[in-house]
Ligand code: UDX
């Protein structure tokens, strides 16, 4: 099939490349000329394991192309995916849909034959209705159909999540459109993905509800971890004990420093905003947002306690600063709160992240980006494991740090007990 993806971020580029790899002809569109030029040279603007090879392979096979000319791309495609950003509006919880509506207007100028227009961006319920209204100002409703098809891709696992999704959600009541999309996704369905056809608004809400629930699971186990620390219980036993109940499931029950990223924070705020627009109080999700927001303070209090409230001039090492492993994404990472706070308290901070230097810390005194793990750890009073990169899972800290009597704060509980002697008074985890 002939597809075009408008927007070449995580969603547009990954979905576009994967659709091409399934044998479709895909045009990826972006208004950023520089990005398009780089993509044509095989330079990928995002850090996503496996993406570069897939882009180069499909570009070489001419199943994948890149352009900044949206009208040309729309005219040549039968199915148009809108994959532009829907960030949180300034001083509000609402999603900014200006890019979605701008693209919808552009599309409406270029419809000469029947088109399926798909919102793949995460959009609040009823956005599809708005897009349909915009397009029908210029185009007869018989010539297009607007569908919601949310993605469930995790950064760092996006290709795998596309090829092996748990479910494909298609929001449309148009039978012909549904049939076309079921055929587009048939290679994934034949590999075991479930196909769900629901209303367009239903599909929009499934996306937000899913992310809000995952964020709830994480905040739930994070708060249980607080209780475990007070009752000398290991939160990992709780996660396993709970997770074996098929009604709960063991995933997304790993206690940590707070959820971050470009989705959970944005989507929990947006669904609460939708709730207030429809006079429905989503009090549980509001509590999740607050719990997650307050979490960094809790963990910083523990850092102070570990250092006996003497932070000034202490050398603190951060291993990992991204919001999770296998990504270079810093959006709403808890390190963005923690490092400036400790720097202002007079600590000397060194961080190492496999994805390198972070501009987020450039204006803070005493914050230095180490080029190696050893350089980061050496001479530290406290080593904090902030992100669960594999690089940190089997380190021999005594070899990396000449200083005696240093502490380790493992905010991801990734150090196997084998590496840390039992009852090691200098090791602190989360929820244990
Ligand atoms: C998320 C959703 O998982 C994905 O389905 C959606 O399409 C986009 O948003 P992403 O934000 O890329 O994906 O990462 P995810 O792996 O979900 O982690 C989000 C945050 O939760 C990270 O900060 C991660 O460290 C944290 N997390 C995740 C936990 O603290 N504990 C867990 O058990 C899982």
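Numbering (our numbering), first residue to last: 373 to 804. The beta carbon of each residue, even a glycine, is placed where N, CA and C say it ideally should be. Predicted model, so just to flag it, every value in this text is computed and none were measured.
- In its chain, beyond the 5 residues on either side, 399 have a beta carbon closer than 6 Å to the beta carbon of residue 437.
- Between the C-alpha atoms of residue 691 and residue 446 there is a straight-line separation of about 45 Å.
- The residues 718, in chain order, have a CB closer than 6 Å to that of residue 684 in the same chain once the five nearest residues on each side in sequence are set aside.
- Residue environment: residue 388 is assigned as buried (16 or more neighbouring CB atoms within 10 Å of its CB, all protein chains considered).
- Here residue 723 is buried. Its C-beta has 16 or more other C-beta atoms within 10 Å.
- DSSP places residue 376 in the uninterrupted beta strand (DSSP E) bounded by 374 to 378.
- Between residue 571 and residue 543, the CB-CB gap stays under 8 Å.
- A check of alpha carbon separations from residue 655 across 640, 665, 518 identifies 640 as the nearest.
- With fewer than 16 neighbouring CB atoms inside 10 Å of its own CB, residue 545 falls in the exposed class.
- Taking residue 635 as the centre and dropping the five residues before and after it, the same chain places the C-beta of 494, 583 closer than 8 Å to its C-beta, in chain order.
- Around the beta-carbon of residue 755, 16 or more other beta-carbon atoms lie within 10 Å, marking it buried.
- Under DSSP, no beta-bridge partner is assigned to residue 627.
- Of the other Cβ atoms in all chains shown, fewer than 16 fall within 10 Å of the Cβ of residue 415; this residue is therefore exposed.
- In the structure shown, residue 572 adopts helical secondary structure according to DSSP, grouped into three states.
- In this structure, 698 is the residue among 698, 739, 686 with its C-alpha nearest to the C-alpha of residue 726.
- The DSSP assignment places complete beta strand (DSSP E) segments of no fewer than 3 residues inside the stretch 728 to 768 at 739 to 741, 754 to 757, in order along the chain.
- In terms of side-chain proximity, the C-beta atom of residue 636 is found nearer than 7 Å to a non-hydrogen atom of the ligand UDX.
- Excluding the 5 residues flanking it on each side, residue 774 has same chain C-beta neighbours closer than 7 Å at 750, 751, in chain order.
- In the three-state DSSP reduction, residue 786 falls in the coil class, being neither helix nor strand.
- With respect to the 8 Å criterion, residue 530 and residue 382 are classified as neighbours on the basis of their beta carbons.
- About 13 Å separates the beta carbon of residue 612 from that of residue 600, a gap too long to meet the 8 Å contact definition.
- By the criterion of a C-beta distance shorter than 7 Å, residue 439 is surrounded in its chain by 399, 401, 408, 445, once the five residues flanking it on both sides are discounted.
- Taking all protein chains in view, the Cβ of residue 587 is crowded by 16 or more other Cβ atoms within 10 Å, so the residue is classified as buried.
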